[in-house]
Amino acid sequence: MEINAHTGFCGLIGNPVEHSLSPAIHNAAFQKLGLNLVYLAFRVEAIGEAIKGLRALGGFRGASVTIPHKVSAIPFLDEVEPTARHIGAINTIVVNQGKLSGYNTDATGALRALRGGVGSLAGKRVIILGSGGAARAIAFAIAGESGVAGLTLLGVDGNERSILANDLRSKTTLAVVDAHLDEGALAQMLPDAQVLVHCTPIGMSPKTEASCVPATLLNPGLAVMDIVYNPRDTRLLKDARQAGCVTIPGLEMFLHQAVAQFELWTGQTAPADVMRAVLESRFR
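Numbering-wise, this note's numbering comes out as the position in the sequence shown, counting from 1, plus 896.
Given below as structure tokens:
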């Protein structure tokens, strides 16, 4: 594809963005379908100024929104679709007839990944580590599943965690417990849980040896999903596998949410096989 004056663009808004594989998979998908689009990564600190700038640029089609802007980007948009508004966080911006609309594809991406690893969540107790934008999306997605036995939120930001816990209690029927994330809380909560979902940046490249869960606390009755996908095999997933846990790499959630983003931007069916192949090739 030749880049020219008619080339549209999508981008990644976050900080950091250097680790992201979004440019590789979306550009491969654009090329596969012969679309005159490119995808770029933008390291952004001032989210409001960045969105204002994107509005002024011709050819802007949409963006992925990642840490730390999934909640803070919302006030700068024209509208937010109902599911994302309910969650209170977005991960996708779409340009619709000149308006910027917010969506959340993290929720559906996470559910598809979880179901692929553990099947139904009915009867299972779930622990989520973290309380930011991705944790909000996954928590509300889990709350929408029938028969979940309970949800525990463990996070280091007490205010953020309390807001999320209270939102879940007021908007859903799920039994929710929240507490500070430390070794003591993990030791108390993990023995009764069947699913652990890690939603913090800990363990992300380049600090790949970090984990907020001591390996000694993991047990074979636990399924562990880490939404960090770079590296594919995080320290948490390595420790979980060693402990006999079912493990679900963040790559699965990342792929499913990216497919949904592509389809929102283009209105076409995403070449998911091409996108998966690109992801797999980066971790061989």
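Using N, Cα and C, we set each Cβ at its ideal position, and we do this for glycine too.
Remember, predicted model here, so these are calculated numbers, not experimental data.
Check	Outcome
With distances taken from CA atoms, which of Ala1045, His922, His1076 and Glu1041 is nearest Asn1055?	His1076
For the structure I just gave you, are there three or more beta carbon pairs, one from the segment 1112-1127 and one from the segment 1136-1150, closer than 8 Å?	yes
How many Å lie between Ala1089 and Asp1078 at the Cα?	16 Å
Evaluate Thr1112 with the Cβ neighbour count: other Cβ atoms within 10 Å of its Cβ, from every protein chain shown; 16 or more gives buried, anything less gives exposed.	exposed
Check this for me: beta carbons of Val1073 and Leu1049, under 9 Å apart or not?	yes
Note down, in chain order, each residue of its chain lying with its Cβ closer than 7 Å to the Cβ of Met1100, except the 5 sequence neighbours on either side.	His915, Val1124 and Asn1126
Across which residues does DSSP place Cys906 in a beta bridge pair?	Tyr935 and Gly958
Taking Ser953 as the reference, which of Gly907, Glu975, Ser968 and Lys928 has the closest Cα?	A small correction: the amino acid at residue 953 is Leu; Ser does not occupy that position in the sequence shown. For Leu953, the nearest C-alpha among the options comes from Gly907.
By Cβ distance below 6 Å, which residues in the same chain neighbour Val1052 in space, the five residues on each side in sequence not counted?	Leu1077
Could you tell me which of Asn900, Ala924 and Val913 sits nearest to Val1170, measuring between CA atoms?	Ala924
Quick one: what's His1076 bridged to in DSSP?	Gly1051
Are the beta-carbon atoms belonging to Gly904 and Phe938 less than 9 Å from one another?	no
Nearest CA to the CA of Ala1139: which residue from Asn1115, Thr1130, Gly930 and Ala1156?	Asn1115
If we call anything under 9 Å between Cβ atoms a contact, is Gly958 one with Val913?	no
Please identify the residue among Gln993, Thr1004, Tyr999 and Gly994 whose C-alpha is closest to the C-alpha of Pro978.	Tyr999
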